[in-house]
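Student: For the sequence shown, my numbering puts the final residue at 328, and the numbers step up evenly by one. In this text, a Cβ means the ideal position worked out from N, Cα and C, and glycines have one as well. Input: one structure, supplied below.
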Amino acid sequence: MDGARPCAWAAVAGPRAAGAAARLGARPLATACGRAHVRAQAAVRRRVVLAMEADETPAPPSKESVMEMIRSENGGLRARAVNQARFLDPQECLDVLFVGAEDKNPQIRYAAVAQLATACTADPERTFELVKRIVLTDKEPTVQAAAADVLTGLSLPGSFELLEEIYSQTGDWMLKFSIISGLGEMGDPRGYELLLRVLETASDDEPLLKVGALGSLGELGDRRALPMVEKYIDHPDSAISERAKVARDNLNAIPE
73 MDGARPCAWA AVAGPRAAGA AARLGARPLA TACGRAHVRA QAAVRRRVVL
123 AMEADETPAP PSKESVMEMI RSENGGLRAR AVNQARFLDP QECLDVLFVG
173 AEDKNPQIRY AAVAQLATAC TADPERTFEL VKRIVLTDKE PTVQAAAADV
223 LTGLSLPGSF ELLEEIYSQT GDWMLKFSII SGLGEMGDPR GYELLLRVLE
273 TASDDEPLLK VGALGSLGEL GDRRALPMVE KYIDHPDSAI SERAKVARDN
323 LNAIPE
């Protein structure tokens, strides 16, 4: 199980499921986080795939067969069900992922929640209620972070208020990073003030939060952020300075 290739995780998780870390690149993540955190996150991702690499589906699966697998006592079959859900009708896919998101195995929960980032369009409101509960109550930080990433993509009423509240209450860097780095794509102008606060208050032990905040300010497109962003152009941490340069270029490209 742990020997599965890490690259399979990306195929299972979908385009948004890698979350903020993928959007900002592997090098900033590796340089900014403690080695223990990076190893732990990589281990989770490897375990997510479980039996998925061996899964070959010669014909499109039926909802009945996939639902039977997702309710199996066999963890490998449940993991395959999350993988095969991608081949179902959007609403049927969502039904399977909703079961997977409640799985007792945190790696299967993570894979299911991460895939909701692309499957949620079938029923955004229903997905919102699920991921809202997950981000508030799940005991696994990686699952919470994946749920927060889905929330930033949904951008439904109430999403920003919830994410802002969670950010102020959690001490988990992964969850904070997922929230901050998703605010730019979320596009809510209220994110501007929160992102500035992150830049001003994040400690030297939390450079990844500064990287995420700079990236989101560039995506958000509020030119008021230029003076703050430019302060980090010559930062000694190359990940921070490079992200500041990208954010500056993005903001300068916006007409005044």
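1. Rounded to whole angstroms, how far is the Cβ of Ile252 from the Cβ of Ile238, which I believe are closer than 8 Å?
2. Is the beta carbon of Val222 closer than 8 Å to that of Thr193?
3. Between Asp306 and chain D, is the shortest Cβ-Cβ distance under 8 Å, so that the two count as touching?
4. When burial is assigned at 16 or more other CB atoms within 10 Å of the CB, is Pro308 buried or exposed?
5. Quick one: what's got a C-beta closer than 7 Å to Lys317's C-beta in the same chain, skipping five residues either side?
6. Between Glu212, Leu247, Ala285, which lies nearest to Leu255 when the distance is taken from Cα to Cα?
7. Using a Cβ-Cβ cutoff of less than 7 Å, which residues in the same chain neighbour Arg295 once the five nearest sequence positions on both sides are dropped?
8. Please classify Pro100 as buried or exposed, where buried requires at least 16 other C-beta atoms within 10 Å of its C-beta.
9. Put Ile206 into one of helix, strand or coil per three-state DSSP.
10. Got a sec? Which residues, its chain only, sit under 8 Å from Leu292 by beta carbon, not counting five neighbours each side?
11. Which residues in the same chain have their Cβ closer than 8 Å to the Cβ of Pro133, if we skip the five residues on either side of it in sequence?
12. Closest to Glu272 by CA distance: which of Met246, Pro299, Leu247 is it?
13. Would Ile142 and Val168 be called neighbours here (beta carbons separated by less than 8 Å)?
14. Arg320 to Ile312, Cα distance in whole Å?
15. With respect to the alpha helix (DSSP H) encompassing Gly230, which residues constitute its N-terminal and C-terminal limits?
16. When you compare each of Gly243, Ser231, Pro162, Val215 to Ser275 by their alpha carbons, which one comes out closest?
17. Throw me the rounded Cβ distance for the Val203 and Ala219 pair, which I believe falls under 8 Å.
18. Within the continuous alpha helix (DSSP H) that includes Phe170, where are the two ends?
19. Restricting to Cα atoms, I'd like to know which of Arg150, Glu201, Asp195, Gln163 is closest to Arg181.
20. For Asp277, does the count of other Cβ atoms within 10 angstroms reach 16, so buried, or fall short, so exposed?
21. Counting C-beta neighbours from all protein chains within 10 Å, is the total for Ser310 16 or more, i.e. buried, or is it exposed?
22. Less than 8 Å between the C-beta atoms of Leu235 and Gln216, yes or no?
Tutor: In short, the structure shows the following:
1. Taking the sequence shown and counting its residues from 1, the one referred to as residue 252 is at position 180. Taking the sequence shown and counting its residues from 1, the one referred to as residue 238 is at position 166. The pair is not a contact, with the Cβ atoms about 11 Å apart (cut-off 8 Å).
2. Residue mapping note: residue 193 aligns to position 121 of the sequence shown, counting from 1. Residue mapping note: residue 222 aligns to position 150 of the sequence shown, counting from 1. Taking 8 Å as the Cβ cut-off, Thr193 and Val222 do not qualify as a contacting pair.
3. The chain labelled as chain D is not found in the depicted structure, where only one protein chain is given.
4. Position 236 of the sequence shown holds residue 308. By the 10 Å Cβ count, Pro308 comes out exposed.
5. For the purposes of this step, residue 317 is taken as residue 245 along the sequence shown, with counting starting at 1. The residues are Ile305.
6. Working through the sequence shown from its first residue, we reach residue 255 at position 183. Closest by alpha carbon: Ala285.
7. For the purposes of this step, residue 295 is taken as residue 223 along the sequence shown, with counting starting at 1. Closer than 7 Å at the Cβ level, and outside the excluded window around Arg295, lie Leu323, Ile326, Glu328.
8. By 1-based counting over the sequence shown, the position of residue 100 is 28. In this prediction, Pro100 scores a pLDDT of 40, lower than 50, which makes its location untrustworthy; no coordinate-derived value is stated.
9. Sequence index remark: in the sequence shown, residue 206 carries index 134 (1-based). Ile206 falls in the helix class under three-state DSSP.
10. The residue you call residue 292 lines up with position 220 of the sequence shown. Around Leu292: Leu255, Gly256, Gly259, Pro261, Gly263, Tyr264, Leu267.
11. For the purposes of this step, residue 133 is taken as residue 61 along the sequence shown, with counting starting at 1. Contacts found: Gln156, Phe159, Leu160.
12. Residue numbering aside, residue 272 sits at position 200 when the sequence shown is read from its first letter. The option with the nearest alpha carbon to Glu272 is Pro299.
13. Within the sequence shown, numbered from 1, the residue matching residue 142 stands at position 70. Within the sequence shown, numbered from 1, the residue matching residue 168 stands at position 96. Yes.
14. By 1-based counting over the sequence shown, the position of residue 320 is 248. By 1-based counting over the sequence shown, the position of residue 312 is 240. Whole-angstrom Cα-Cα distance: 12 Å.
15. Position 158 of the sequence shown, counted from the first residue, corresponds to residue 230. Run containing Gly230: none; DSSP gives neither H nor E here.
16. As a first step, residue 275 is located in the sequence shown; it is residue number 203 there, counting from the start. Comparing Cα positions, the closest option is Gly243.
17. As a position in the sequence shown, residue 203 is number 131, starting the count at 1. As a position in the sequence shown, residue 219 is number 147, starting the count at 1. Right, the Cβ-Cβ distance comes to about 4 Å (below 8 Å), so this counts as a contact.
18. Position 98 of the sequence shown, counted from the first residue, corresponds to residue 170. From DSSP, the alpha helix (DSSP H) with Phe170 extends over 162 to 172.
19. Indexing the sequence shown from 1 puts residue 181 at position 109. It is Arg150 whose Cα lies nearest to the Cα of Arg181.
20. By one-based count along the sequence shown, residue 277 stands at place 205. Flag for Asp277 reads exposed.
21. Along the sequence shown, read from residue 1 onward, the residue named residue 310 stands at position 238. Result: exposed.
22. Within the sequence shown, numbered from 1, the residue matching residue 235 stands at position 163. Within the sequence shown, numbered from 1, the residue matching residue 216 stands at position 144. Contact: no.
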